[in-house]
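Trainee:
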Amino acid sequence: MSFRLHILLLALASILGLVIAVPVRPFAGRKEYSYEVTKTSGGDQWNFYVYSDGYQVKDNDGDVEALDVFSVHKAERSLTVHSVKNGKDMTPNRLRMRQVLKECWIMAGLRPSELTQVLGTQIQNEDMQTALAECRDRMDLGTWDGLVVSGKETDAERQACWERLGKTIFFAAIRGAVRDFDINKVITQVKVNTKWTGDEIWFELS
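In structure tokens:
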């Protein structure tokens, strides 16, 4: 399927409220990458599944896993990071997570300046999990308790938590993604909620 035809189908789906999942090459101008898009009824949420020739791990059903899975929430002007495996991509000069995020955002028809939030779900990154455990310990919180910290903390323990989170690879990746959007915004607050699937982390921008 040609790229032009795929864009036409996406536009038609937006009008009719359909769901589309058709693999397309290239992604971000790179022929080694392909993608699928599904949209919720009304088109408010676009779900991107990005694949790479350099990442061919198969799931239990024998299907090749997506390299990255992101959602763009158009009404909320937010991005959700569901799954990221760019570090395992063997493609020469591989795409970074921040590059994939920006491309998905623009493909959804939004301007970079409109980004207000980035959400990370089902956090599996060990560094971030350790940082959250340390934060909860410092703040005398339970294992499943949520927390909110910002860059304006005055309490020593809360400030230490903010600084610890800021040193994680995951935080750095989100910060890098925001910087690549070339907008005058920074991460000002981190909010953590815990569900049965694991921690969810909201990165608020302003």
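Everything in the sequence shown is counted per numbering that gives the first Met the number 0, starting at 0 for the first residue and increasing by one. We put the beta carbon where it would ideally sit given N, CA and C, even for glycine.
1) Is the beta carbon of Val49 sitting closer than 8 Å to the one on Val99?
2) Which residue comes first and which comes last in the alpha helix (DSSP H) that contains Glu162?
3) Kindly indicate which three-state DSSP category Gln121 falls into: helix, strand or coil?
4) Going by the beta-carbon positions, is the gap between Val191 and Leu131 smaller than 8 Å?
5) What does Glu31 pair with, by DSSP beta-bridge criteria?
6) Check whether the region 130–146 and the region 62–79 are in contact - that is, three or more C-beta pairs closer than 8 Å.
7) DSSP state of Gly197, grouped into three classes?
8) From which residue to which residue does the beta strand (DSSP E) around Thr66 run?
9) If you measure between the beta carbons of Phe180 and Pro111, is that distance less than 8 Å?
10) Distance, Cα to Cα, Met89 vs Thr153?
11) If you reduce the DSSP assignment to three classes, tell me which class Leu100 lands in.
12) Leaving out the 5 sequence neighbours to the left and right, which residues in its chain are closer than 6 Å to Glu64 when beta-carbon positions are compared?
13) Hey, could you find the ends of the alpha helix (DSSP H) Val177 is sitting in?
14) Tell me the residue span of the beta strand (DSSP E) that contains Arg78.
15) Please identify the residue among Asp43, Phe202, Gly86 whose C-alpha is closest to the C-alpha of Val147.
16) Taking Lys87 as the reference, which of Tyr54, Glu113, Gly145, Ala107 has the closest Cα?
17) DSSP beta-bridge partners for Ile186?
18) Under 8 Å between the Cβ atoms of Val177 and Val189?
19) According to DSSP, simplified to helix, strand and coil, what is Leu17?
20) Going by Cα to Cα distance, which pick from Asp62, Glu35, Ile200 is closest to Met106?
21) Nearest to Trp45 by alpha carbon, out of Asp52, Thr79, Ala27?
Mentor: Judging by the given coordinates:
1) yes
2) 155–165
3) coil
4) yes
5) Paired residue(s): none; Glu31 is not in a bridge.
6) no
7) strand
8) For the sequence presented, residue 66 should be read as Leu rather than Thr. It is not in any beta strand (DSSP E) - Leu66 carries neither H nor E in the DSSP assignment.
9) Result yes, Cβ atoms of Phe180 and Pro111 sit closer than 8 Å.
10) 44 Å
11) helix
12) Val56, Asp58.
13) 168–179
14) Per the sequence presented here, residue 78 reads as Leu, with Arg not at that position. Leu78 -> beta strand (DSSP E) spans 77–83.
15) When each option's Cα is compared against that of Val147, the closest is Phe202.
16) Tyr54
17) Leu204
18) no
19) Residue placement at Leu17 cannot be trusted, given a pLDDT of 47 that sits under 50; what the coordinates show is reported in the next sentence. If DSSP states are grouped into helix, strand and coil, Leu17 belongs with coil.
20) Glu35
21) Thr79
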